[in-house]
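Heads up: the protein sequence lines correspond to chains A and B, in order.
My numbering runs 2 ahead of the 1-based position in the first sequence.
My numbering runs 22 ahead of the 1-based position in the second sequence.
Where is the CB? At the ideal position from N, CA and C, for every residue including glycine.
It should be emphasised that the depicted structure is a prediction, and the values quoted were computed from it without experimental measurement.
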Amino acid sequence: MGNVELTGEFVAFFVFAVMIISGSVFMISLTKVVHMVLSLLAAFIGVAGLFILLEAEFLAFVQVLIYAGAVAILMIFGIMMTKHQEEEKATTKRAWQEGLAAVGALALFGLLFFAIRSSELAPAQSFEAGEDNALEIGKLLFTNYVIPFELVSVLLTVAFIGSIVLAKKEAE
Amino acid sequence: MGGMLDDTLTWGNAFVFLLWGVVLLVLVLGFVTYAIYFERKIIGWMQLRIGPNRVGPLGLLQTVADILKLLIKEDTIPRKADRVLFMLAPALAYVPAFGVLAVIPYTQDLYFADINVGLLYYVALSGITTIAIVLGGWASNNKYALLGGMRSAAQMISYEVPLVISVVGVIMMSGTMNLRGIAEQQGDWFWQWNFLPQIIGFVVFVIAAVSELNRTPFDLPEAESELVAGYHVEYSGFRFAFFMLTEYVYMYAIAALTTVLFLGGWHAPLAFLDFVPGIVWFLLKFALVVFFLIWLRGTMPRIRVDQLMGLGWKVLLPLAILNVFVTAVYLELFVK
């Protein structure tokens with residue numbers, strides 16, 4: 003592993019990776035909802051950073067745009083729907099549960115590690131990012147992938163109408 | 023400046039970029055200082071008062087004195103507040119506000135970043151400030167602050183939608199999201215600027231932008247007569263100054279963005295006037311937008327919360343979508 007060249011890209015990757023991993027770990031381990039949501043935000047911004055390293059600026063900023071809004075809403079729901087006067091009591095833990103979880107996590111790590119090490123990656127081809135990748139994504143969405151794209155929009159409309167119907171019922 | 027962006031990054035280049043960043047920061051701080059002064063003066067004149075006139079000649083040093091006062095004030099943190107988040111929130115609010123300024127092109131050659139999704143970058147980063155405001159309201163552990171923060175989030179998220187959709191028309195006309203490209207494509211006569219062909223988009227954009235700025239008539243998050251001061255009620259000293267600064271830096275950013283998107287950027291309004299350097303035209307248009315925002319504050323009363331949501335979702339959003347539709351039909355029938 004000593005053949006990694008210390009470039010700016012590598013340092014940036016490392017910073018973003020640490021951000022994503024620590025964000026996700028804190029998301030699970032913290033106890034207050036607002037803190038959890040904030041560490042989730044750190045993870046999302048890290049992912050956006052990785053997109054920028056991959057020269058996918060469009061994806062990166064859409065990631066920030068969508069998730070920053072989502073995080074703010076999540077935060078509001080978190081504040082409204084949880085009690086934050088009292089700290090949550092630590093639930094009684096059972097030793098065998100923790101043991102099983104540890105074994106499961108180790109097994110998953112082993113599996114992923116084995117799969118990554120044993121897979122033959124295709125020789126790196128010179129990747130040509132489009133001049134304007136927002137334009138290229140748009141073209142692909144409306145030519146090759148137009149049916150999945152339309153299906154997703156139908157799904158969103160259904161979800162939208164469904165939530166309105168549910169909210170109406172609640173109001174009555 | 024522009025050519026250096028394409029070079030490989032060396033320590034020397036990085037140092038020059040850092041220097042330019044500091045220059046921009048100083049300019050922005052200067053803008054904020056005198057924007058506050060002029061806001062107070064202009065509103066004073068509109069209300070038949072004199073406005074600040076004690077500190078320095080014509081009261082020019084009033085804001086400097088105010089900033090000094092804020093900086094040397096005791097920094098209080100409420101005992102039951104969430105200390106870390108309370109301290110984090112002002113910084114988290116300010117960093118994106120300054121970050122969005124990077125994509126604004128001032129003239130043909132004077133720009134700080136040339137991102138092909140510049141417009142998206144602006145909208146995406148400004149969303150992070152919303153989180154900081156909710157965070158500040160929550161961490162203060164004060165019901166008025168929390169209410170202010172909640173209102174702010176509801177308002178900023180519901181007005182972000184028409185704001186983004188209202189500029190889609192401009193993007194369709196110029197075929198790029200690069201702010202430099204958008205400004206470049208507007209012509210040297212004022213009827214070639216985007217605000218006339220995109221008049222619906224322009225009106226929706228201005229209304230939604232004022233709302234994003236939390237300024238009158240949309241200043242519900244800090245409605246002082248109902249919420250004391252809204253989300254920053256517990257803040258004092260330089261942390262409060264940071265929230266204030268964020269607000270005025272966004273005013274700078276929105277004024278510059280309006281100029282670039284709709285008012286032709288650095289182009290002269292009449293083609294025979296183009297011997298005047300572009301930066302002068304940019305600054306004039308920029309000052310006009312800033313004055314408009316101040317004027318609005320001196321004129322409009324605050325609207326109610328229920329009216330706010332109704333306006334956003336039932337009026338601005340359909341209008342913005344209609345604008346996109348009309349633009350698409352026009353481009354399809356007459357341009358292609």
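Contact set for residue i: own chain, Cβ-Cβ below 6 angstroms, skip 5 residues either direction
| i | result |
| --- | --- |
| residue 137 of chain B | 125 and 143 |
| residue 98 of chain B | 258 |
Residue i classed as buried or exposed, judged by whether at least 16 other C-beta atoms fall within 10 angstroms
| i | result |
| --- | --- |
| residue 94 of chain B | exposed |
| residue 3 of chain A | Low local confidence applies: a pLDDT of 46 at residue 3 of chain A is under 50, so the model's placement there is unreliable, with the coordinate-based value given in what follows. Under this definition residue 3 of chain A is an exposed residue. |
| residue 345 of chain B | buried |
| residue 150 of chain A | exposed |
| residue 63 of chain B | buried |
| residue 140 of chain A | exposed |
| residue 340 of chain B | exposed |
| residue 121 of chain A | exposed |
| residue 178 of chain B | buried |
| residue 35 of chain B | exposed |
| residue 13 of chain A | exposed |
| residue 216 of chain B | buried |
| residue 104 of chain B | buried |
| residue 241 of chain B | buried |
| residue 18 of chain A | buried |
| residue 175 of chain B | buried |
| residue 302 of chain B | exposed |
| residue 117 of chain A | exposed |
| residue 74 of chain B | buried |
Reference residue i; option with closest CA among the options
| i | options | result |
| --- | --- | --- |
| residue 79 of chain B | B:140, B:59, B:90 and B:265 | B:59 |
| residue 327 of chain B | B:210, B:154 and B:236 | B:236 |
| residue 108 of chain B | B:213, B:155, B:234 and B:141 | B:155 |
| residue 281 of chain B | B:293, B:307 and B:269 | B:307 |
| residue 53 of chain B | B:42, B:305 and B:232 | B:305 |
| residue 29 of chain A | A:40, A:20 and A:19 | A:40 |
| residue 61 of chain B | B:320, B:39 and B:196 | B:320 |
| residue 332 of chain B | B:184, B:113, B:203 and B:275 | B:184 |
| residue 122 of chain B | B:106, B:139, B:317 and B:299 | B:139 |
| residue 134 of chain B | B:337, B:351, B:256 and B:39 | B:39 |
| residue 203 of chain B | A:134, A:161, A:62 and A:148 | A:134 |
| residue 180 of chain B | B:353, B:114 and B:337 | B:337 |
| residue 35 of chain A | A:112, A:79 and A:148 | A:79 |
| residue 115 of chain B | B:171, B:296, B:343 and B:77 | B:171 |
Chain-ordered chain B contacts of residue i [CB-CB under 9 angstroms]
| i | result |
| --- | --- |
| residue 64 of chain A | 139, 142 and 146 |
Residue-chain proximity (residue i, chain D), Cβ-Cβ < 8 angstroms
| i | result |
| --- | --- |
| residue 20 of chain A | Here the protein chains are A and B, and chain D is not one of them. |
Proximal residues to residue i (C-beta, below 7 angstroms), its chain only, five neighbours per side dropped
| i | result |
| --- | --- |
| residue 22 of chain A | 45, 48 and 49 |
| residue 68 of chain A | none |
| residue 311 of chain B | 277, 280 and 281 |
| residue 287 of chain B | 127, 205, 208, 281 and 304 |
| residue 261 of chain B | 97 and 112 |
| residue 211 of chain B | 292 and 293 |
| residue 168 of chain B | 159 and 160 |
Per-residue contacts from residue i into chain B (C-beta, under 7 angstroms)
| i | result |
| --- | --- |
| residue 158 of chain A | Here the premise fails: no neighbours, minimum Cβ distance about 14 angstroms. |
| residue 73 of chain A | 153 |
Chain-ordered neighbours of residue i on chain A, where CB pairs are closer than 9 angstroms
| i | result |
| --- | --- |
| residue 33 of chain B | Per Cβ cutoff of 9 angstroms: no residues; residue 33 of chain B is ~11 angstroms from chain A at best. |
Same chain, Cβ closer than 8 angstroms to residue i, neighbours up to 5 away in sequence not counted
| i | result |
| --- | --- |
| residue 89 of chain B | 55 and 263 |
| residue 144 of chain A | 151 |
| residue 65 of chain A | 46, 49, 50 and 53 |
| residue 220 of chain B | 191, 192, 195, 284, 345 and 349 |
8 angstroms Cβ cut-off: residues of chain A touching residue i
| i | result |
| --- | --- |
| residue 160 of chain B | 36, 77 and 81 |
| residue 149 of chain B | 66, 67, 70, 71 and 74 |
What are the complete alpha helix (DSSP H) segments, minimum 4 residues, inside the stretch 68-98 of chain B? List check, alpha helix (DSSP H) in window: 84-94.
Which complete alpha helix (DSSP H) runs does the stretch 136-166 of chain B hold, if anything under 4 residues is left out? Contiguous alpha helix (DSSP H) elements confined to the stretch 136-166 of chain B occur at 140-161, taking only those with 4 or more residues.
Which runs of the alpha helix (DSSP H), 4 residues or longer, sit entirely within the stretch 24-56 of chain A? Given a length threshold of 4 residues, each whole run of the alpha helix (DSSP H) inside the stretch 24-56 of chain A is given here in chain order: 35-55.
Please list the segments of the alpha helix (DSSP H) lying wholly inside the stretch 251-320 of chain B, counting only runs of 4 or more residues, in order along the chain. Secondary structure remark: continuous alpha helix (DSSP H) runs of at least 4 residues inside the stretch 251-320 of chain B, in chain order: 259-284.
Which whole runs of the alpha helix (DSSP H) in the stretch 213-239 of chain B are 4 residues long or more, in chain order? The DSSP assignment places 221-234 as complete runs of the alpha helix (DSSP H) inside the stretch 213-239 of chain B, in order along the chain (cut-off: 4 residues).
Which runs of the alpha helix (DSSP H) at least 4 residues long sit entirely within the stretch 126-166 of chain A? Give them in chain order. The alpha helix (DSSP H) runs of length 4 or more contained entirely in the stretch 126-166 of chain A are, from start to end of the chain, 135-144.
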